[in-house]
Amino acid sequence: MDPDNRLKRARDVALRSVDALAGRRILVAGDFLLDRYLVGQATRVSREAPVVIIEHESDEVRLGGAGNAARNVRALGGEPIPLGLVGRDREGERVVELLREAGIDTHGILRDPERRTVTKTRILAGAAGAASRQVLRIDRAGDYGASRTDSLIRHARALVSDVDAVLLSDYGYATLAPALRSCLIQAARTRGLPSCADSRYQLSEFQGVTVATPNEEELARVSGGVLRSDADVVATGRELLSLLNARAVVVTRGSRGMSVFEGTGHCRNIPPARHGEVADVTGAGDTVASALVLALAAGTDILVGAMLANATASVVVGRRGAATAAPEEVVGALEAWQNLS
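Under my numbering, the first residue of the sequence shown is numbered 908, with each subsequent residue one higher.
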């Protein structure tokens, strides 16, 4: 089949698959964070220091990390089953509240009194009449370590018996310790379930997953170098595919779309579903991983799943902050996708 026609056919199958995402149960395991947004208007330069004064207008909290992935699964009609840790603090309580407000079960969220909930505060500002942009981010981190790993593994073994796929959302805060990681991947393989690894810093440690979804920066860490050309992306994508013994690797490349590696390393490039201004890429990786694993749980092949994930992310990056897309918006993005030839 002609490559261009194959992409169009995959888009058409993706369109027919959107409804099939509903009700798919996805175990979302990883680092559950709290995202805080402080929004204001840049007014003038301070006399105290060479900094801009921002007049506060609003603030908001949202789920971040694996929590944002769970939100994306929910928004697309799936049923996320969270597995992770938060501190026994106000921020951890807010994470649990936000999950419940989204209609997401929280029995798999454990509270650790010895740790702080990871919180990322983003300050957004713009001139009068202009769109707000992120000008500063303040992170309050706190690795959870291995003290709760045994409890997480017990919960994992109970939860994985009643799901359709597993999503591993690793933001580098040690929730997905090696023993838990191995438990989840092996359990998915044993049950014949698709699994997806979305890891910020240690993707090469997720051997045995069905698919991985790095961006170019994350992919570069595999070879320890810089991806200077398409040839570098292809070589490193094939290296990661072999290293993970995965069915596929889907590399997100921003304005250049996606590169999908399957089988023995065949690479197929997917053009971006969105052209024009991007408002915010925060959480776009969560969206891609969530949509892709949902599609695989619904029985699509990798290419169709990647097309659906690409279209979903094209909706999300048009919004400020970690956002989600509804099924009808994904359908609209797929229908409007013209650059497939």
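Positions of the beta carbon are idealized from the N, C-alpha and C atoms, including for glycine.
Being a predicted model, the structure only gives us computed values, none of them experimental.
- Judged by pairs of C-beta atoms under 8 Å, the segment 1188-1205 touches the segment 1117-1127, as three or more such pairs exist.
- Assignment of V1237 by DSSP, reduced to helix, strand and coil, places it in the helix class.
- In the assembly as shown, Y1078 is a buried residue. Its beta-carbon has 16 or more other beta-carbons within 10 Å.
- Contact annotation: L1110 and V1073 have beta-carbon atoms that are not nearer than 8 Å.
- Within 10 angstroms of the beta-carbon of G971 lie 16 or more other beta-carbons, which makes it buried.
- Setting aside the 5 residues that flank it on each side, L1075 is surrounded in the same chain by A936, G937, L1083, R1088, L1091, I1092, S1102, C1103, A1104, D1105, S1106, F1113, V1116, each with a C-beta closer than 8 Å to its C-beta; the list follows chain order.
- Comparing C-alpha distances from V1140 to each of E1125, A1153, L1151, N1152 shows the shortest one belongs to E1125.
- Contact annotation: T1194 and N979 have beta-carbon atoms nearer than 8 Å.
- Per DSSP, L1126 lies in no beta strand (DSSP E) segment; the continuous alpha helix (DSSP H) that holds it begins and ends at 1123-1130.
- Per DSSP, reduced to three states, the secondary structure at Q1093 is helical.
- With a threshold of 16 other beta carbon atoms within 10 Å, P987 meets it and is buried.
- In the DSSP assignment, S1197 falls within the alpha helix (DSSP H) that extends over 1191-1204.
- Taking the CA atoms as reference points, R997 sits about 20 Å from R1055.
- If one requires a minimum length of 4 residues, the alpha helix (DSSP H) runs lying completely within the segment 1098-1159 are 1123-1130, 1137-1151, in chain order.
- DSSP links V968 through a beta bridge to R943.
- Counting only the Cα atoms, A1216 lies some 11 Å from A1240.
- Bridge pairing for A949: I961 [DSSP].
- Residue pairing from DSSP places T1026 in a beta bridge opposite L941, R1047.
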